[in-house]
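Enquirer: Mind having a look at this structure? Questions to follow.
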Amino acid sequence: MHVWAVNDSDDDLAAGLVGYTWATWLHVTYLWVDERHRGTGLGAALLREAERIASKDRGCRSSRLETWDFQAPRFYEKQGYEVVCVIPDYPPGITEYTLMKRLG
5 MHVWAVNDSD DDLAAGLVGY TWATWLHVTY LWVDERHRGT GLGAALLREA ERIASKDRGC
65 RSSRLETWDF QAPRFYEKQG YEVVCVIPDY PPGITEYTLM KRLG
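Residues in the sequence shown are numbered consecutively from 5, following our numbering.
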C-alpha cells in the first residue's frame, strides 16, 4: 500500500506512507513528511487514509508500526496509537517503540 501527497505548487513529493496489509492487520512501514509540510496535518491525513483503505477495502481491524524515540512516537499516540512494546538501546542509545491501534 502506498499513499502519497504531492505539493501542487512545484510537483515535489510532500509526504508519503508505505505499508502493507496481512490477515486483519495494517503494518505501517514508513510515514514521511517533508520538513516544509510538517505541522500542517498532512501526516495525520495520510495515516487516516491508509487506515481507511485498510479497514474498508481490506478488512483490517488493527494497525501497527515501529518508530524510534527521535522520530515520532508522540505523533502516533495523538493519532490514537498505544505503545505496546519498548525496546531500549535498540540500536545503542536509541529506544524503539511498537505501537498499535484498533481500526473501525
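Idealized CB from N, CA, C, for every residue including glycine.
Quantities reported herein were computed from a predicted structural model and do not represent experimental measurements.
Bridge partners for residue 80 per DSSP, in chain order?
Expert: Paired residue(s): none; residue 80 is not in a bridge.
Enquirer: Using C-beta distances below 6 Å, list every residue in its chain close to residue 77, excluding the 5 sequence neighbours before and after it, in chain order.
Expert: Within the same chain, residue 77 has close Cβ partners 71 and 101.
Enquirer: Is the beta carbon of residue 58 less than 7 Å from the beta carbon of residue 28?
Expert: No, the Cβ-Cβ distance between residue 58 and residue 28 is not below 7 Å.
Enquirer: Are there 16 or more other CB atoms within 10 angstroms of the CB of residue 97, so buried, or fewer, so exposed?
Expert: Its Cβ having fewer than 16 others within 10 Å, residue 97 is exposed.
Enquirer: Buried or exposed for residue 39, please, with buried defined as at least 16 other CB atoms from any protein chain shown within 10 angstroms of its CB.
Expert: Its Cβ having fewer than 16 others within 10 Å, residue 39 is exposed.
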